[in-house]
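In our numbering, the protein residues as written are 127 to 399. A virtual CB, placed ideally from N, CA and C, is assigned to each residue, including glycine. Read the structure below first, then the notes.
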């Protein structure tokens with residue numbers, strides 16, 4: 127078999143540092159896959175592919191905690207509801223999972239990335255301005271001028287997200303052990319404090335799962351867009367489980383509402399000309 131200049135162009139076009147695949151060879155970031163099998167965990171392999179090196183065991187454990195926390199939030203989550211409905215439409219399990227994953231956008235699924243951006247902004251401006259509380263108030267004001275929703279804080283379902291405290295406790299321990307610096311954890315807690323000032327007698331606004339995992343991803347050095355990508359990896363596990371469960375229910379064309387419920391027909395008034 128002969129090769130020519132075009133083969134070199136193709137190889138260059140698809141050149142990647144992530145993996146090397148040749149006859150009899152599979153390397154992931156220069157690690158032979160046979161050396162990883164049985165030795166590296168799935169979480170360690172995620173880190174390896176994204177970061178180019180294997181993590182320390184403590185780093186992998188902290189990342190794993192965030193991934194575990196985000197796997198599922200029940201069928202009230204649009205991504206999971208969509209996957210369950212899709213699973214009854216004859217499109218196959220892979221397409222049902224893809225349906226759910228494709229629901230994870232800026233509104234449902236993007237808060238972790240947005241929160242990392244918020245915390246990055248506070249940390250960076252604090253380095254320049256030097257006055258931490260003023261920086262927090264300034265950045266929050268700018269974000270709230272664009273949207274009444276502040277990513278990573280408050281929850282429409284939980285008064286206090288049960289995933290928050292154990293995740294933050296792990297970050298506190300990581301800071302104490304010198305594993306992470308703690309700048310993003312400090313920023314997140316400062317935002318939470320700021321949002322709850324003067325709210326005596328009102329519903330509190332605690333940090334939620336998106337905020338807590340954003341702290342972990344940021345403290346571990348992952349770029350903001352990867353916070354969303356990692357959440358997608360995490361939530362895809364729950365989406366898969368729900369889609370698989372639904373396939374065993376025997377339903378066809380599952381509707382958002384039970385068959386006994388008749389949708390209310392809303393009559394929209396015709397605008398006056």
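Asked                                                                                                    : Found
Closest residue to residue 244 among 329, 141, 314, 367 (Cα-Cα distance)                                 : 314
Reduced DSSP secondary structure (H/G/I, E/B, other) of residue 154                                      : strand
Whole runs of the alpha helix (DSSP H) within the segment 319-367, excluding any shorter than 4 residues : 335-345
Boundaries (first-last residue) of the beta strand (DSSP E) holding residue 146                          : 145-148
Between the CA atoms of residue 150 and residue 351 - distance to the nearest angstrom                   : 34 angstroms
Span separating the alpha-carbon of residue 276 from that of residue 158                                 : 44 angstroms
Nearest neighbour of residue 226, chosen from 201, 263, 239 [CA to CA]                                   : 201
Assigned secondary structure, residue 279 (DSSP; H/G/I helix, E/B strand, else coil)                     : strand
Closest residue to residue 188 among 297, 229, 247 (Cα-Cα distance)                                      : 297
Alpha helix (DSSP H) segment containing residue 187, residue limits                                      : 183-195
Per-residue DSSP class, three states only, for residue 134                                               : helix
Residue 213 and residue 222 closer than 8 angstroms at C-beta                                            : yes
Beta carbon of residue 207 nearer than 8 angstroms to that of residue 369                                : no
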